[in-house]
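Residue numbers (the UniProt record's numbering): 12 to 472.
The C-beta atom is built at its ideal place from N, Cα and C for all residues, glycine as well.
Notes for the one structure printed next.
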Amino acid sequence: KAGALWGGRFAGGPSPELARLSKSTHFDWQLAEYDLQGSRAHARALAAAGYLSADELDQMLAALDLLALDVADGRFVPAESDEDVHSALERGLIDRVGVEVGGKLRAGRSRNDQVATLVRMSLRDHAAIIAGNVIELIDALVSQAEAHSGAIMPGRTHLQHAQPVLLAHHLLAHCWPLVRDLDRFADWSKRADFSPYGSGALAGNTLGLDANLVATDLGFGAVVENSIDGTASRDLVAEFAYITAQIGIDMSRLAEEIILWNTKEFGFVTLDDAYSTGSSIMPQKKNPDIAELARGKSGRMIGNLTGLLSTLKGLPLAYNRDLQEDKEPVFDSIETLEVLLPAFAGMIATLHFHTDRMAELAPQGFSLATDVAEWLVKRHVSFRDAHEITGSLVKFAETNGLDLHEVDDAALLAISPHLVPEVREVLTIQGSVESRDGIGGTAPVRVAEQRAALVERVRKL
Ligand code: ARG
12 KAGALWGGRF AGGPSPELAR LSKSTHFDWQ LAEYDLQGSR AHARALAAAG YLSADELDQM
72 LAALDLLALD VADGRFVPAE SDEDVHSALE RGLIDRVGVE VGGKLRAGRS RNDQVATLVR
132 MSLRDHAAII AGNVIELIDA LVSQAEAHSG AIMPGRTHLQ HAQPVLLAHH LLAHCWPLVR
192 DLDRFADWSK RADFSPYGSG ALAGNTLGLD ANLVATDLGF GAVVENSIDG TASRDLVAEF
252 AYITAQIGID MSRLAEEIIL WNTKEFGFVT LDDAYSTGSS IMPQKKNPDI AELARGKSGR
312 MIGNLTGLLS TLKGLPLAYN RDLQEDKEPV FDSIETLEVL LPAFAGMIAT LHFHTDRMAE
372 LAPQGFSLAT DVAEWLVKRH VSFRDAHEIT GSLVKFAETN GLDLHEVDDA ALLAISPHLV
432 PEVREVLTIQ GSVESRDGIG GTAPVRVAEQ RAALVERVRK L
């Protein structure tokens, strides 16, 4: 039972089967650094309340510092007998400072309030890392938008040609959800700014420890208002897992487009060699594996979120051991994104766009029909009639194998007396995008403003 945090009331140690099941060091060891920070803060609170002398506090902090160094360079690792990161570190502390002083640290805290606090600290740090990665992806998209500010592509609805849009407008459309993901992290941080340390197992502690001191020490704005909530809630973990899943989904939608754009049929993009993969059998292949992995891993992150929500559903208050299952899914989503995002951003930054191909396809599929209808409306034809007239024009062009601008004057007039030859002025993709100049529209002047607004928005985050 050496090093166990409990055992006084037990006749012997746990069965090997239980020990194996109960063990969590293989995933909670990544909280070690936070556990040590928590212990330092807790030691100071114990000393402030008179449970550690100044000398004992010094010894304790020195031992914790030593232990932190040993953890950082891998000299101290969990032993087979350690149940979790908390018990392993207590063993390490007692090894360094002796049981007399080391044994005092545990007063007034529980692994329940510890782990709830440490997870928040860890998520807070990873939120900053992931947000940085997301900003790099946004930067890559914005740079591509800037480099191709005049390029026009077929805008689609239902994956069918709809109306021409600027490539820059389309790329920026992928940025805004990512900006909102960054907002989500910022908003999450406000709710996660409360320290559960001091909640004890569930009901608080009797020792009069100053939880505010600990909270401040650990970088929290305040202490949780309810010790049961502090130890039993995991909605903040689930919310974090949701944000990671949402980032995954936002990337996945762009990934799907890149996979399509990279096909022979679309021919819109070429991937940089450093960001694409080959085939072991087909020598000619150059595959969009990063985009496919992004699409695939979004499913994995959704799974992590739904798994966690299922764990939480139906748990009575307060702490239950089920709650230990919060860590692996959210840690997995974090690792997934921290590996995926830099690769994905690199793929975007180095993407080569074939703007000629996009421009060639942009007017196809009668994508300028709406422009004709709106041109008619500007000449005071009701939209209902305009829609009907333009529909007939499309039908005529389709039947005769023509594009809209190829229909001759006589045929135009035969379809409707409103279709005078000037209508051809709106039948260019350039004219079409330029005319969509309302707020948020695809006109180059609006898209330039939008890009500036986006850059400013990200700068202020
Ligand atoms: N490893 C646990 C968790 O991650 C913390 C330990 C609490 N254990 C307990 N038996 N109360 O939630």
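Where does residue i land, buried or exposed, given buried means 16+ other C-beta within 10 angstroms?
i: residue 432; result: exposed
i: residue 456; result: exposed
i: residue 23; result: exposed
i: residue 274; result: exposed
i: residue 292; result: exposed
i: residue 294; result: exposed
i: residue 144; result: buried
i: residue 412; result: exposed
i: residue 453; result: buried
i: residue 110; result: exposed
i: residue 155; result: buried
i: residue 52; result: buried
i: residue 472; result: exposed
i: residue 61; result: exposed
Who are the Cβ neighbours of residue i in its own chain at under 7 Å, not counting the five residues just before and after it?
i: residue 216; result: 119 and 209
i: residue 140; result: 349
i: residue 310; result: none
i: residue 245; result: 323, 334 and 337
i: residue 397; result: 384, 387 and 388
i: residue 157; result: 462
i: residue 12; result: Here residue 12 scores only 46 on pLDDT, less than 50, and its place in the model should not be relied on; the value that follows carries that caveat. 18 and 24, listed in sequence order.
i: residue 192; result: 145, 254, 257, 258 and 261
i: residue 137; result: 345
i: residue 407; result: 418, 422 and 426
i: residue 378; result: 165, 172, 173, 174 and 175
i: residue 39; result: 95, 96 and 338
i: residue 320; result: 249
From the DSSP output, which residues share a beta bridge with residue i?
i: residue 163; result: 177
i: residue 123; result: Residue 123 is not bridged to any residue.
i: residue 5; result: This structure cannot speak to residue 5, because the chain is shown only from 12 to 472.
i: residue 206; result: 234
i: residue 298; result: 288
i: residue 280; result: 364
i: residue 168; result: 171
If you follow the alpha helix (DSSP H) that residue i is in, where does it begin and where does it stop?
i: residue 91; result: Where residue 91 is concerned, there is no enclosing alpha helix (DSSP H), given that its DSSP letter is neither H nor E.
i: residue 389; result: 380-389
i: residue 374; result: Where residue 374 is concerned, there is no enclosing alpha helix (DSSP H), given that its DSSP letter is neither H nor E.
i: residue 326; result: Careful: residue 326 lies outside any alpha helix (DSSP H) and carries neither H nor E.
i: residue 342; result: 338-360
i: residue 253; result: 246-272
i: residue 292; result: Neither: residue 292 is in no alpha helix (DSSP H) and is coded neither H nor E.
i: residue 455; result: 455-470
i: residue 55; result: 43-59
i: residue 216; result: Unbroken run through residue 216: none, as it is neither H nor E.
i: residue 37; result: 36-39
i: residue 112; result: 110-113
i: residue 81; result: 65-83
i: residue 18; result: No alpha helix (DSSP H) contains residue 18, which DSSP labels as neither H nor E.
Can you find the residues in the same chain that come closer than 6 Å, C-beta to C-beta, to residue i, ignoring five residues on each side of it along the sequence?
i: residue 81; result: 87
i: residue 122; result: 97
i: residue 105; result: 113
i: residue 318; result: 340
i: residue 458; result: 177, 179 and 180
i: residue 132; result: 45
i: residue 404; result: 426
i: residue 394; result: 388
i: residue 79; result: 47
Within its chain, find whatever has a CB closer than 8 Å to the CB of residue i; leave out the 5 residues flanking it on each side and keep chain order.
i: residue 232; result: 204, 205 and 226
i: residue 465; result: 149, 153, 183, 186, 187 and 190
i: residue 468; result: 190
i: residue 83; result: 44
i: residue 421; result: none
i: residue 298; result: 287, 288, 289 and 290
Could you check whether the Cβ of residue i sits closer than 8 Å to any heavy atom belonging to the ligand GTP?
i: residue 31; result: For the structure depicted, the ligand GTP is absent and the ligand set comprises only the ligand ARG.
Should the stretch 440-460 be regarded as contacting the stretch 168-184, the criterion being three or more beta carbon pairs within less than 8 Å? yes
Touching by the beta-carbon criterion (3+ pairs, under 8 Å), the stretch 340-358 and the stretch 247-265: yes
Report yes or no: do three or more beta-carbon pairs, one from the stretch 218-237 and one from the stretch 159-166, lie closer than 8 Å? no
I want to know whether the stretch 353-362 touches the stretch 277-289 - three or more CB-CB distances under 8 Å. yes
Quick one: any contact between the stretch 319-327 and the stretch 259-277, if contact means 3 or more CB pairs under 8 Å? no
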